[in-house]
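Quick note: to get the working numbering, add 739 to the position in the sequence shown (first position is 1). From the three backbone atoms N, C-alpha and C, an ideal C-beta is built for every residue, glycine too. Being a predicted model, the structure only gives us computed values, none of them experimental. Some notes on the structure that comes next.
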Amino acid sequence: MAQGLGNKKIVIAIIVAAVLLVAATVLIIVQQANRNNVDTTVETSQQPETTQETTKPEPEKENSDEAMTPASALDPSTVSTIDIQPLDLTVSYVKGIPGFEYQILRTAQGTKYAELTNEAIKGTKCTDDTGVFASIIVSPGDAEAPTLDAKTVVEGTTYGLSLASNTCTNNQELLDKFQSSFSSAFSLLKKMAPADS
740 MAQGLGNKKI VIAIIVAAVL LVAATVLIIV QQANRNNVDT TVETSQQPET TQETTKPEPE
800 KENSDEAMTP ASALDPSTVS TIDIQPLDLT VSYVKGIPGF EYQILRTAQG TKYAELTNEA
860 IKGTKCTDDT GVFASIIVSP GDAEAPTLDA KTVVEGTTYG LSLASNTCTN NQELLDKFQS
920 SFSSAFSLLK KMAPADS
């Protein structure tokens, strides 16, 4: 009887140790996830292709090192904008693309960026593809520099445009259309206008 009681204590001790190990593992995973994704906001933009009229946004004086950028040559009637409030930015793009969503994220180093996505670009070639076609990065550092396709400076802050690779999408034509739309007008990026009181 004494030996049976000793075996029960050992079994209970093993079960308690296993439960504590599982709890510690879950806690570590949750903490790591929180560290990697501090600020997440998802908003949807269903911008009409032809019904929204805009005036040509004035490029910031600091926006380009070149005298003539592709954006400055755009017909104002072909340009539309979206306000990305968490970044306090008005982003321009060439009309003619379907609706898209953006999500505000942070890198492991803490760099804030807007990830632009469209469901129709989502491919089946890559695991967990979300249909990202571009990212707008706030104050890109050395870690982000190799991924940048364009940079512009607005009111003293550098912003980078990073176009997604075409390796995951099943719709190369639509990906190209989105990327061309945003890269053509990227130098028109500006701070959001103050809200009227």
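Selection from the options that minimises the alpha carbon distance to residue i
i, options, result
"Val818", "Ser922, Lys930 and Ala752", "Ser922"
"Gly838", "Leu759, Thr856 and Ala847", "Thr856"
"Ala859", "Lys851, Thr869 and Thr897", "Thr869"
"Asn909", "Gly862, Pro933 and Ala847", "Gly862"
"Pro933", "Ile751, Ala757, Gln824 and Gly745", "Gln824"
"Ala924", "Tyr832, Tyr841, Asp867 and Leu887", "Tyr832"
"Asp867", "Thr846, Cys907 and Ile751", "Cys907"
Sequence-distant residues of its chain with Cβ nearer than 7 Å to residue i (five each side left out)
i, result
"Asn905", "Gln911 and Leu914"
"Glu792", "With a pLDDT of only 30 at Glu792, under 50, the local geometry of the prediction cannot be trusted, and the value read off the model is given with reservation. If we look at Glu792 and ignore the five residues flanking it on each side, it has no Cβ neighbours."
"Gly849", "none"
Distance, residue j Cα to residue i Cα
i, j, result
"Ser920", "Leu844", "22 Å"
"Leu900", "Gln918", "10 Å"
"Lys929", "Val755", "58 Å"
"Leu813", "Thr820", "13 Å"
"Thr764", "Asp822", "40 Å"
"Tyr898", "Leu760", "44 Å"
"Asn746", "Ile753", "11 Å"
Cβ neighbour criterion (16 or more within 10 Å) applied to residue i
i, result
"Ser816", "exposed"
"Glu854", "buried"
"Asn773", "Bear in mind that a pLDDT of 48 at Asn773, under 50, signals an unreliable position, so the number given afterwards is only what the model happens to contain. Exposed, by the Cβ-count rule."
"Cys865", "exposed"
"Ile836", "buried"
"Ala757", "exposed"
"Ala889", "buried"
"Asp778", "Because Asp778 sits at a pLDDT of 42, beneath the cut-off of 50, its placement in the model cannot be relied upon, and the point is left open."
"Gln785", "Per-residue confidence for Gln785 stands at a pLDDT of 42, beneath the threshold of 50, marking its modelled position as unreliable; the derived number appears in the next sentence. Gln785 is exposed by the Cβ-count criterion."
Residue-level contact to chain C via CB, residue i, 9 Å cutoff
i, result
"Ser920", "Looking for chain C here will not work: only one protein chain is present."
Residues near residue i in its chain [Cβ-Cβ closer than 8 Å; skip 5 each side]
i, result
"Thr702", "No answer is possible for residue 702: the residues shown for the chain start at 740 and end at 936."
"Ile751", "none"
Beta-carbon proximity list for residue i, same chain, < 6 Å, skipping 5 on both sides
i, result
"Val871", "Glu854, Thr856 and Ala903"
"Lys851", "Arg845 and Val877"
"Thr886", "Ser901"
Three CB pairs or more closer than 8 Å across the region 874 to 888 and the region 908 to 916
no
Does the region 813 to 830 come into contact with the region 869 to 880, if we say contact requires no fewer than three beta-carbon pairs (one atom in each stretch) closer than 8 Å?
yes
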